[in-house]
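Input: a single structure, listed below in structure tokens.
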Amino acid sequence: MDRRWWSAGVSVAAVGLVGVLAACGGAAAPSNPAKVPTFTSKRAAPTSAPPFVGSMPASCDPIASESDVNTIIGHPLTGTSNMIKGIAEAAIGRTARLDCYYGIPPNQPATTGVVSIGIGSYDNAADAAHRVLETVNQARDTGYTSSNVQVNGQNAVLLAGQQNQEVVLSAGTITVLVTAANSVVQAGKAGPPLIQLAGKALTAAQKA
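Sequential numbering from 41 applies to the sequence shown in this note's numbering.
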């Protein structure tokens with residue numbers, strides 16, 4: 041574009057505008073037009089749940105009593121309860137283990153209990169999470185189906201097999217595995233009671 045032509049055009053347009061304003065009564069354009077207000081907003085910083093901190097309970101007492109288990113399962117279990125304290129296993133990073141068994145038949149070992157709650161503690165959260173992943177993969181390889189659930193705000197997996205149902209999870213350096221035989225918990229309805237028992241285990245670990 042010819043800059044001289046553009047300048048002349050502006051001058052002619054300006055003269056024409058002055059004539060129009062004079063014909064309309066001589067009103068002058070405002071010298072200080074109102075400013076459009078501007079607004080700024082600050083996005084709230086994202087919040088996240090504090091990391092889970094827990095340790096191994098000294099016994100099964102703070103986790104769940106026989107009465108607690110009976111109430112959560114929905115009917116009394118026959119037999120007794122017992123516990124087994126495991127040893128550390130450096131190869132998998134485990135520092136301690138506690139297994140609580142309920143509904144143990146007469147004259148049978150503790151491991152035959154129809155409901156069990158197992159808690160493990162590990163050197164770090166990565167080792168704990170890896171252990172849970174291995175448990176889930178092994179269960180799937182043997183025919184278990186799996187679904188994602190939540191336990192006290194923590195991610196967990198519900199495993200359903202032909203013989204039993206399980207809930208397994210890791211939270212920080214703690215792992216929890218709750219198992220119930222299908223003979224005492226109906227298949228398809230095991231989720232809520234097992235989730236509740238796993239929640240009691242996490243709460244006990246936080247208070248330990």
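Note that CB positions come from ideal geometry on N, CA and C, so glycine has one too.
**Asked** Measuring CA to CA, which of Pro-97, Asn-164, Ser-210 is closest to Arg-137?
**Response** The candidate whose alpha carbon is nearest that of Arg-137 is Pro-97.
### Message
Just verifying my parser: in three-state terms, what is the DSSP assignment at Lys-247?
### Response
Helix, per DSSP.
| said: According to DSSP, is Asn-177 part of a helix, a strand, or is it coil? | reply: Here Asn-177 sits in helix by DSSP.
query: Hey, quick one: how far does the alpha helix (DSSP H) through Glu-106 stretch, first residue to last?
result: Start and end: 106-113.
- Task: Sort Ser-187, Gln-203, Leu-209 by Cα distance to Thr-175 and report the nearest one.
- Result: Comparing alpha carbon positions, the residue from Ser-187, Gln-203, Leu-209 closest to Thr-175 is Leu-209.
Original post:
Just how far apart, CA to CA, sit Arg-134 and Asp-167?
Top reply: Their Cα atoms are separated by approximately 8 Å.
- Query: With 16 as the cutoff for other CB atoms within 10 Å, does Ser-121 come out buried or exposed?
  - Reply: If you draw a 10 Å sphere on the C-beta of Ser-121, you find 16 or more other C-beta atoms in it, and that means buried.
- Determine which residues share a DSSP beta bridge with Ala-238 and list them. As DSSP reads the structure, Ala-238 sits in no beta bridge.
For this session: Mind listing, in chain order, the continuous alpha helix (DSSP H) runs of no fewer than 4 residues lying wholly within the segment 127-215?
Result: With a minimum length of 4 residues, the continuous alpha helix (DSSP H) runs that stay inside the segment 127-215 are 165-181.
Which residues DSSP lists as bridging Ile-124, in chain order
Paired residues: Asp-139.
Beta-carbon gap between Ser-161 and Ser-95 smaller than 8 Å
Yes.
Quick test of your reading: Cys-140 and Ile-157, contact by CB under 8 Å. State the CB separation rounded to the nearest angstrom.
Their Cβ separation, rounded to whole angstroms, is 5 Å, which keeps Cys-140 and Ile-157 in contact under 8 Å.
Is Tyr-184 near Ala-169, with beta carbons less than 8 Å apart? Against a cut-off of 8 Å, the Cβ pair of Ala-169 and Tyr-184 comes out as no contact.
task: Out of Thr-243, Met-123, Val-155, Lys-229, state which residue places its alpha-carbon closest to the alpha-carbon of Gly-193.
output: Among Thr-243, Met-123, Val-155, Lys-229, the Cα nearest to that of Gly-193 belongs to Thr-243.
field: Closest residue to Leu-198 among Val-207, Arg-171, Gly-153 (Cα-Cα distance)
entry: The alpha carbon of Leu-198 has as its nearest neighbour, out of Val-207, Arg-171, Gly-153, the alpha carbon of Val-207.
Original post:
Rounded to whole angstroms, how far is the Cβ of Thr-219 from the Cβ of Asn-195, which I believe are closer than 8 Å?
Top reply: Incorrect: roughly 19 Å between the Cβ atoms, too far for contact.
Near Ile-144, which residues of its chain fall below 7 Å by C-beta distance, leaving aside the five closest residues on each side in sequence? Excluding sequence neighbours, Ile-144 sits near Gly-119, Thr-120, Ser-121, Asn-122, Ala-150, Thr-152, Gly-153.
Q) Do the CB positions of Val-189 and Gly-239 come within less than 8 Å of each other? A) No; because the gap between Cβ atoms is not below 8 Å, this pair is not in contact.
With a threshold of 16 other CB atoms inside 10 Å of the CB of Pro-233, please say whether the residue is buried or exposed.
Result: buried.
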